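Chemist: Residue numbers (this note's numbering): 11 to 324. Beta carbons are placed, not taken as given, at the ideal position from N, Cα and C, and that holds for glycine. Quantities reported herein were computed from a predicted structural model and do not represent experimental measurements. Please read through the structure below; I'll follow up with questions.
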Amino acid sequence: MRILITGGAGFIGSHLCDRYLTEGHEVIAMDNLSTGSVDNIAHLAGHPRFHFIKHDVTRYIYVAGPLDEVLHLASLPSPVDYLQLPIQTLKVGALGTHNTLGLALAKGAKFLLASTSETYGDPLVHPQPESYWGNVNPVGPRGVYDESKRFAEALTMAYHRYHGVDTRIVRIFNTYGPRMRADDGRVVPNFVCQALRGEPLTVYDHGEHTRSFCFVSDLVEGIVRLAASEVHDPVNLGNPREFTILEFAQQVLAATGSASEITFVQPSDERTRDDPKVRCPDITRAKTLLDWEPQVPVEEGLQRAAAYFRTKLD
Ligand code: UDP
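Structure (structure tokens):
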């Protein structure tokens, strides 16, 4: 197949490039490098089946030749990034999804949208099944990300129903691993880098909110299975093992063997407003339809992530 991956120089996108190249496909990575990095794809330079196009998906997209699949990963998923770039975040979810769907329609290609557990907002149903419509504050600071993805899902289903585009939607829950930006501000790079530097781990508020963390190789396996399936409704992919953030800080200390302390801090109101109090995927649909469930325990995944961040800090 000939596959376009937007956000191909990003954390998850670059792992997908690797995976599809290993399977013998031709891969075109598109990225504007705003949060992605050429470091993530440097090892693919010169690969005969790999191409890189530096382009912003919010502008008209031109790709020469046929395409079998368009995987739309381009996004600003870190709260720190999307709070800093709110309009770009809305544009990449809305205009970027419109352009990539239009491209898939023109090329007769399959389309996969990388959506998010943030479509559930601060959930009132726990764990979250795909049938839950969510609890999102459209005018809060996180609304720029949440609503851009909700719009992207609606647009994807409209292209499926109206134009017959062969679409998929994956709702990605917190994912971590090598190639995350050390300074992206999310909890995994923050805690792991703090632990490696011997600095205190910054737990926000009282660390009572919960998250569930999926290692990137598990997520990639799920995305590849979903892309190859005939499932058009959204599918949650994530690891259902749930931690409070305080428990997670202790996991990071254990995985890194760090003697760092844990400190409780109060970040900006913007950073914590509407922060989901709980989050855990119901993965029944992925299990049933894709025969998928995560394989990498968090103890092991954190060690692999720490090995990566250690090289970055060195
Ligand atoms: N968090 C924290 N300390 C940090 C970074 C994040 O306690 O240094 C908390 C944050 O308030 C949230 C959770 O960790 O409750 C996950 O935050 P993250 O930014 O990783 O992503 P989110 O899941 O909110 O999109």
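Using C-beta distances below 6 Å, list every residue in its chain close to H61, excluding the 5 sequence neighbours before and after it, in chain order.
Modeler: Counting from 1 along the sequence shown, the entry for residue 61 is found at position 51. I38, listed in sequence order.
Chemist: Would you kindly work out how many angstroms separate the C-alpha atoms of V149 and L95, rounded to a whole number?
Modeler: Taking the first residue of the sequence shown as position 1, residue 149 is located at position 139. Taking the first residue of the sequence shown as position 1, residue 95 is located at position 85. Roughly 15 Å between the two C-alpha positions.
Chemist: So, for E252: in the same chain, excluding its five sequence neighbours on each side, which residues have a beta-carbon less than 6 Å away from its beta-carbon?
Modeler: As a position in the sequence shown, residue 252 is number 242, starting the count at 1. Hits under 6 Å: T220, S222 and C290.
Chemist: Measure the C-alpha to C-alpha separation of R196 and S88 and round it to an integer number of angstroms.
Modeler: Against the sequence shown, residue 196 aligns to sequence position 186. Against the sequence shown, residue 88 aligns to sequence position 78. If you take the alpha carbons of R196 and S88, they lie about 6 Å apart.
Chemist: For the ligand UDP, is there any heavy atom lying closer than 7 Å to the beta carbon of N147?
Modeler: Counting from 1 along the sequence shown, the entry for residue 147 is found at position 137. Flag unset: Cβ of N147 not near the ligand UDP.
Chemist: Need the endpoints of the alpha helix (DSSP H) that A124 sits in, please.
Modeler: Here residue 124 is taken as the residue at index 114 of the sequence shown, counted from 1. That residue, A124, is in no alpha helix (DSSP H); its beta strand (DSSP E) goes K120 to T126.
Chemist: Just verifying my parser: in three-state terms, what is the DSSP assignment at T166?
Modeler: Stepping through the sequence shown from its first residue, residue 166 is reached at position 156. It is helical.
Chemist: Cα-Cα, which of L100, D324, H108 and F201 is closest to L81?
Modeler: Within the sequence shown, the letter at position 71 stands for residue 81. For the residues L100, D324, H108 and F201, the minimum Cα distance to L81 belongs to H108.
Chemist: Quick check on the DSSP output: the beta strand (DSSP E) that includes N246 runs from which residue to which?
Modeler: One-based indexing of the sequence shown puts residue 246 at position 236. N246 -> beta strand (DSSP E) spans V245 to L247.
Chemist: Would you say Y214 touches the ligand UDP, meaning its beta carbon is less than 7 Å from a heavy atom?
Modeler: Counting from one through the sequence shown, the residue named residue 214 turns up at place 204. Yes.
Chemist: Measuring alpha carbon to alpha carbon, tell me which residue in F225, M167, V73 and A316 is nearest A205.
Modeler: Mapped onto the sequence shown, residue 205 falls at position 195. The option with the nearest alpha carbon to A205 is A316.
Chemist: Can you determine whether any heavy atom of the ligand UDP sits closer than 7 Å to the C-beta of V197, and answer yes or no?
Modeler: Counted from its first residue, the sequence shown places residue 197 at position 187. Yes.
Chemist: Taking DSSP as the reference, what is the three-state secondary structure of G131?
Modeler: Against the sequence shown, residue 131 aligns to sequence position 121. The answer is strand: DSSP assigns G131 an E or B state.
Chemist: Since I believe L83 is in contact with T177 (beta carbons under 8 Å), could you give me their beta-carbon distance rounded to a whole number of angstroms?
Modeler: The sequence position of residue 177 within the sequence shown is 167, counting from 1. The sequence position of residue 83 within the sequence shown is 73, counting from 1. That belief does not hold up - the Cβ atoms of T177 and L83 are roughly 15 Å apart, past 8 Å.
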